[in-house]
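Note sheet for the following structure.
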Amino acid sequence: MHYYRLMMRNLWKIMMFSLFVGVFSVFYALSLPPVFFAKTTLLIENQRANVVSFEDVYQVDTRDRSYLRTQLEIFKSRAIAGRVVDRMRLIEHPLFAPNKVDQSSAFSVESAKKLFSSLISRDADIAENEVVSEQVDDTVERNSVAILPSEEDGGNPYLRKLIIDQIMRSIIIIPVYGTKLISIQASAGDPQLAADIANEFADVYIESHLEAKLEVTQKASAWLSDRLGSLRQTLRESEQELQNFREREQLIDTGDVRSIDVAELEQLTQSLVEATRTKNDARALYKQISQSKLSVDRMLALPVVSNNTVVQGLIESRATAKRLVAELGDRYGKKHPRMVSALSDLSQVEEELKVQVDNVARGLNVGYLAAQDAERELRRQIANVKSRLQNVSRKEFSLRELEREVDANRQVYEVFLNRGKETNETANLEAVNARVIDEALPPDHPSKPEKKKIVMAAVFFSAFFAAGVILLLDWLDNTIKSPEDVEERLRVPLLGYLPLDKSNKDDSPFLGFLSDEKWHFAEAVRTVRTSFVLSCLDKPAKVTVVTSTVPNEGKSTVSLCLAHALGQMEKVLLIDADMRKPSIGKALDISLLTPGLSNLIAGTAGLEECVTRLPNSEVDIITAGVVLGNPLDLIAGDRFSLVLNSLKEKYDRILIDSAPIQAVSDSLVIATHADALIYVVRSDGASTPLIKKGLRRLSETQARFSGVVLNQVDVEKMKKQSGYESEYYENYGYAYGDTNA
Numbered sequence: 150m151h152y153y154r155l156m157m158r159n160l161w162k163i164m165m166f167s168l169f170v171g172v173f174s175v176f177y178a179l180s181l182p183p184v185f186f187a188k189t190t191l192l193i194e195n196q197r198a199n200v201v202s203f204e205d206v207y208q209v210d211t212r213d214r215s216y217l218r219t220q221l222e223i224f225k226s227r228a229i230a231g232r233v234v235d236r237m238r239l240i241e242h243p244l245f246a247p248n249k250v251d252q253s254s255a256f257s258v259e260s261a262k263k264l265f266s267s268l269i270s271r272d273a274d275i276a277e278n279e280v281v282s283e284q285v286d287d288t289v290e291r292n293s294v295a296i297l298p299s300e301e302d303g304g305n306p307y308l309r310k311l312i313i314d315q316i317m318r319s320i321i322i323i324p325v326y327g328t329k330l331i332s333i334q335a336s337a338g339d340p341q342l343a344a345d346i347a348n349e350f351a352d353v354y355i356e357s358h359l360e361a362k363l364e365v366t367q368k369a370s371a372w373l374s375d376r377l378g379s380l381r382q383t384l385r386e387s388e389q390e391l392q393n394f395r396e397r398e399q400l401i402d403t404g405d406v407r408s409i410d411v412a413e414l415e416q417l418t419q420s421l422v423e424a425t426r427t428k429n430d431a432r433a434l435y436k437q438i439s440q441s442k443l444s445v446d447r448m449l450a451l452p453v454v455s456n457n458t459v460v461q462g463l464i465e466s467r468a469t470a471k472r473l474v475a476e477l478g479d480r481y482g483k484k485h486p487r488m489v490s491a492l493s494d495l496s497q498v499e500e501e502l503k504v505q506v507d508n509v510a511r512g513l514n515v516g517y518l519a520a521q522d523a524e525r526e527l528r529r530q531i532a533n534v535k536s537r538l539q540n541v542s543r544k545e546f547s548l549r550e551l552e553r554e555v556d557a558n559r560q561v562y563e564v565f566l567n568r569g570k571e572t573n574e575t576a577n578l579e580a581v582n583a584r585v586i587d588e589a590l591p592p593d594h595p596s597k598p599e600k601k602k603i604v605m606a607a608v609f610f611s612a613f614f615a616a617g618v619i620l621l622l623d624w625l626d627n628t629i630k631s632p633e634d635v636e637e638r639l640r641v642p643l644l645g646y647l648p649l650d651k652s653n654k655d656d657s658p659f660l661g662f663l664s665d666e667k668w669h670f671a672e673a674v675r676t677v678r679t680s681f682v683l684s685c686l687d688k689p690a691k692v693t694v695v696t697s698t699v700p701n702e703g704k705s706t707v708s709l710c711l712a713h714a715l716g717q718m719e720k721v722l723l724i725d726a727d728m729r730k731p732s733i734g735k736a737l738d739i740s741l742l743t744p745g746l747s748n749l750i751a752g753t754a755g756l757e758e759c760v761t762r763l764p765n766s767e768v769d770i771i772t773a774g775v776v777l778g779n780p781l782d783l784i785a786g787d788r789f790s791l792v793l794n795s796l797k798e799k800y801d802r803i804l805i806d807s808a809p810i811q812a813v814s815d816s817l818v819i820a821t822h823a824d825a826l827i828y829v830v831r832s833d834g835a836s837t838p839l840i841k842k843g844l845r846r847l848s849e850t851q852a853r854f855s856g857v858v859l860n861q862v863d864v865e866k867m868k869k870q871s872g873y874e875s876e877y878y879e880n881y882g883y884a885y886g887d888t889n890a
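The working numbering numbers the first residue of the sequence shown as 150 and each following residue consecutively.
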């Protein structure tokens with residue numbers, strides 16, 4: 150609510166400031182030259198048309214997310230802008246003429262009227278744009294932007310640089326979200342020029358891509374041609390080295406040689422296996438015979454001996470001879486010729502058998518040795534074959550290495566040869582990565598300045614700015630100025646307010662209260678009296694303390710006036726307890742040496758000597774008196790309480806004018822003896838935080854707080870701001886200067 154009243158109070162200031170800014174913005178908008186926007190739409194292709202299956206030398210990954218951003222940066226490059234400037238010969242265009250002209254624009258009342266009409270109707274805006282466009286067409290050669298040196302400096306790089314900078318500022322590249330389209334927007338003072346610049350940017354971009362591709366392809370083709378010559382020589386040298394190696398090593402086909410050696414090795418390996426087995430068998434038989442040399446019979450028990458055909462025949466012969474000896478032994482004696490002959494035959498057969506067994510044993514030993522020799526020979530042959538195979542393998546490795554080198558050189562040569570041919574074939578293929586969807590057309594109306602929006606924005610923001618300044622000033626000004634401030638900022642009861650009397654600053658306001666000519670002030674005092682009395686209906690206030698935050702807030706004047714007003718109804722005593730800076734005696738022209746409160750407390754004077762009757766009233770006054778010691782010690786003593794109790798018996802009401810709460814602690818001590826507190830606040834005086842601090846200190850005394858009296862209120866100023874005074878007084882004829890009420 151406070152801020153609403155603040156805004157309403159200063160509404161005329163806001164409106165005047167907005168009106169001033171609005172008028173200024175009208176002239177500013179009329180001074181701006183028209184700007185035309187033209188737009189070209191370009192489609193950036195992700196993949197080029199696959200006319201042939203050959204891959205280009207110049208290609209990028211168009212599927213990468215950064216591809217489109219890269220193209221946007223290419224559009225913004227100085228190289229593209231420079232080519233546009235050169236191709237369009239903008240240095241010779243009238244809008245870029247180097248002659249300097251007066252940029253001031255004349256305004257007419259008619260133009261201002263048209264602008265204000267455009268704020269209401271769009272048709273009027275279009276009509277005005279047409280007028281401005283015609284004016285620009287008529288004066289384009291006279292009012293061109295003078296940013297360049299003189300015409301004699303043509304060809305100067307600085308001249309071209311300035312034009313390029315201006316063109317780059319006039320171009321806006323905007324990607325269309327979710328598509329592969331790019332919008333190229335160009336601005337210029339001439340509609341045809343704007344369209345030409347936008348279209349030229351698209352053409353230059355496409356041509357720059359083709360030229361870049363052609364340049365890279367040509368460089369690649371030249372490099373490939375150089376490389377092909379060296380690769381061809383390298384291939385020839387490697388082929389010659391391969392042929393020399395074959396001739397030197399007498400290699401025809403290493404595959405056939407390897408096959409023969411491998412087959413022979415396999416055969417020898419099988420023979421070695423058989424020979425080893427035969428040797429092992431012969432060694433086993435030989436070991437058996439070697440272990441059985443003790444007797445023939447034990448040797449005959451061996452299968453290798455018993456299976457011998459000769460041995461078997463001799464065994465049969467020995468058996469026949471033994472039978473014969475046995476038969477003859479039964480018949481003849483040992484010396485019988487037949488017996489002797491039979492024994493001789495038996496002995497001969499056994500001797501032959503023994504000899505044959507020895508021959509078999511020797512034969513087995515010879516077989517074992519022969520098997521060993523056969524095995525050794527086979528191993529030697531196998532080693533020879535393996536050596537031949539290893540030698541062939543070494544030669545084959547060298548051969549394969551040379552063949553691989555030849556193959557690699559041939560493959561590289563063929564790749565370069567094919568790539569060179571492809572490059573030459575695709576060098577002249579113009580595969581573009583972008584194409585124009587919509588060409589820019591000369592706009593019918595200028596896009597800038599949007600005069601209606603400029604004026605509306607100026608008025609709108611100026612109003613907000615003025616309101617912000619008012620709020621800032623209000624926030625910085627934290628004093629109490631009006632009754633509303635007491636209620637809203639202090640949140641305490643308001644007993645009333647006393648107006649500021651500007652008619653005679655030398656007179657005391659109390660004298661105005663007594664004067665019939667200034668009875669409006671008296672009416673305000675009576676209003677405060679009524680509010681005070683009503684606040685004490687539930688519990689009469691015998692002793693009331695009047696204090697303030699800081700000095701010079703008029704608490705003594707309020708005390709005098711309130712005491713006089715209360716004295717019209719009851720017996721009242723006013724005590725000046727501000728012994729540090731007494732002012733009641735001074736206001737009533739009472740001598741400073743007159744005995745008062747300090748004398749009464751000290752006992753140096755009686756009550757009759759200290760009491761002074763207020764002129765033209767039934768109010769008694771006790772001034773501060775002559776203070777010889779510390780006033781706080783006098784007030785805090787028991788004598789002050791005794792004096793106050795005795796005074797209560799003689800008077801209906803006692804008002805005590807005490808020292809300011811923030812200056813000293815006297816008021817806090819006196820408040821402990823009081824039944825009510827009245828707090829005086831001067832309008833536009835102490836700050837709100839300081840007043841709140843004083844009220845908090847008083848609340849600690851537990852004394853009843855009656856309310857605040859707002860003093861020295863500038864009624865005229867308050868009436869202009871909030872109308873409070875008019876509502877409060879004018880309805881009853883109590884305003885200043887109304888002497889007939």
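Every residue gets a Cβ at the ideal spot worked out from N, C-alpha and C, and that includes glycine.
Please read these numbers as outputs of a predicted model, since none were measured by experiment.
Start and end of the beta strand (DSSP E) containing Asp235? Here Asp235 belongs to no beta strand (DSSP E); instead the alpha helix (DSSP H) covers 227-237.
Note down the Cα distance separating His822 from Leu621, rounded to an integer number of angstroms. A direct Cα-to-Cα measurement between His822 and Leu621 gives close to 43 angstroms.
Cα-Cα separation between Phe670 and Glu757, rounded to whole angstroms: One C-alpha to the other measures close to 32 angstroms.
Quick one: grab the DSSP three-state call for Pro731. Pro731 falls in the coil class under three-state DSSP.
Own chain partners of Gln530 with C-beta closer than 8 angstroms, once the 5 adjacent residues on each side are dropped: Leu417, listed in sequence order.
Using 8 angstroms as the threshold, is the segment 312-331 in touch with the segment 223-239, meaning 3 or more CB pairs across them? Look at the beta carbons and you see the segment 312-331 touching the segment 223-239: at least three pairs across the two are nearer than 8 angstroms.
According to the Cβ coordinates, are Ile733 and Ile770 closer than 9 angstroms? Their beta carbons are under 9 angstroms apart, which means Ile733 touches Ile770 by this criterion.
For Gly645: DSSP bridge partner residues: Gly645 pairs with Val858.
How big is the Cα-Cα spacing for Asp593 and Arg154? Asp593 and Arg154: Cα-Cα distance of roughly 49 angstroms.
Checking 9 angstroms against the spacing of the C-beta atoms, do Ser680 and Gly843 come in under that value? Judged by beta-carbon spacing, Gly843 lies beyond the 9 angstroms limit of Ser680, meaning their Cβ atoms are not closer than that value.
For the beta strand (DSSP E) containing Lys188, list its first residue and its last residue. From DSSP, the beta strand (DSSP E) with Lys188 extends over 185-193.
Check for me: the beta strand (DSSP E) holding Ile724 runs from which residue to which? Note, Ile724: beta strand (DSSP E), 721-725.
How should Ile803 be labelled, buried or exposed, when 16 other C-beta atoms within 10 angstroms of its C-beta is the threshold for buried? So Ile803 ends up on the buried side.
For Pro780, which three-state DSSP category applies? Of the three classes helix, strand and coil, the one that applies to Pro780 here is helix, per DSSP.
Option in Val829, Pro809, Ala347, Val234 with minimal Cα separation from Lys188: Ranked by how close their Cα comes to the Cα of Lys188, the residues Val829, Pro809, Ala347, Val234 have Ala347 in first place.
Whose C-beta lies closer than 8 angstroms to the C-beta of Leu380 among residues of the same chain, with five residues either side of it excluded? Closer than 8 angstroms at the Cβ level, and outside the excluded window around Leu380, lie Asn558, Val561, Tyr562, Phe565.
Rounded separation between Leu644 and Ala736 - CA only: Taken atom to atom, the span from the alpha-carbon of Leu644 to that of Ala736 is near 24 angstroms.
Check this for me: beta carbons of Ser180 and Val608, under 9 angstroms apart or not? No, the Cβ-Cβ distance between Ser180 and Val608 is not below 9 angstroms.
What's the gap between the Cα of Val864 and the Cα of Leu649? Whole-angstrom Cα-Cα distance: 7 angstroms.
Using a Cβ-Cβ cutoff of less than 7 angstroms, which residues in the same chain neighbour Ala255 once the five nearest sequence positions on both sides are dropped? The predicted position of Ala255 is uncertain, since its pLDDT is 37 and thus under 50; a value taken from the coordinates is nonetheless stated next. Excluding positions up to five away in sequence, the list is empty.
Since Leu551 and Glu390 are thought to touch, with beta carbons under 8 angstroms apart, how far apart are those beta carbons, to the nearest angstrom? Yes, they are in contact, since the Cβ atoms of Leu551 and Glu390 sit about 6 angstroms apart, within 8 angstroms.
Mind reading off the beta-carbon distance from Leu781 to Asp815? Whole number of angstroms is fine, and I expect it under 8 angstroms. That pair is a contact at about 6 angstroms.
Nearest to Glu524 by alpha carbon, out of Ala714, Val721, Pro809, Ser420? If we check each option's Cα against that of Glu524, Ser420 comes out closest.
Reference Thr761, options Val459, Asn779, Ala751, Leu741, closest by Cα: Ranking the options by Cα distance to Thr761, first place goes to Leu741.
Shortest alpha-carbon distance to Glu343 belongs to which of Ala589, His713, Asp725? The residue asked about is misnamed: residue 343 is Ala in this sequence, not Glu. For the residues Ala589, His713, Asp725, the minimum Cα distance to Ala343 belongs to Ala589.
Taking the continuous alpha helix (DSSP H) assigned at Leu826, which residues delimit it? Counting along the chain, no alpha helix (DSSP H) covers Leu826; the unbroken beta strand (DSSP E) around it starts and ends at 825-831.
Taking just the CA atoms, how far does Glu415 sit from Ala424? Between Ala424 and Glu415, the C-alpha separation is close to 14 angstroms.
Would you say Val635 touches the ligand HEM, meaning its beta carbon is less than 8 angstroms from a heavy atom? Absence of the ligand HEM is noted for the structure shown, with no ligands found whatsoever.
What residue range is occupied by the uninterrupted beta strand (DSSP E) comprising Ser336? Residues 330-337.
Using three-state DSSP, classify Lys597 as helix, strand or coil. It is a strand residue.
For Ala583, report the span of its beta strand (DSSP E) as first-last. Where Ala583 is concerned, the enclosing beta strand (DSSP E) stretches over 583-587.
Take the Cβ of Met867 as the centre, count every other Cβ of all protein chains shown within 10 Å, and call the residue buried at 16 or more, exposed below. Counting Cβ neighbours within 10 Å, Met867 comes out buried, since at least 16 surround it.
Just mark Trp161 as buried or exposed, buried being the case when its beta carbon has 16 or more other beta carbons within 10 Å. Counting of Cβ neighbours within 10 angstroms places Trp161 among the exposed residues, the total staying below 16.
Unbroken alpha helix (DSSP H) run spanning Gly838, endpoints: The amino acid at residue 838 is misidentified as Gly; the sequence shows Pro. 837-848 is the extent of the alpha helix (DSSP H) around Pro838.
Just tell me which of Val792, Ser766, Pro764 has its CA closest to the CA of Ala753. The displayed chain sequence assigns Thr, not Ala, to residue 753. The residue with the shortest Cα to Cα distance from Thr753 is Val792.
Buried or exposed for Phe169, please, with buried defined as at least 16 other CB atoms from any protein chain shown within 10 angstroms of its CB. Exposed, because fewer than 16 other Cβ atoms sit within 10 Å of the Cβ of Phe169.
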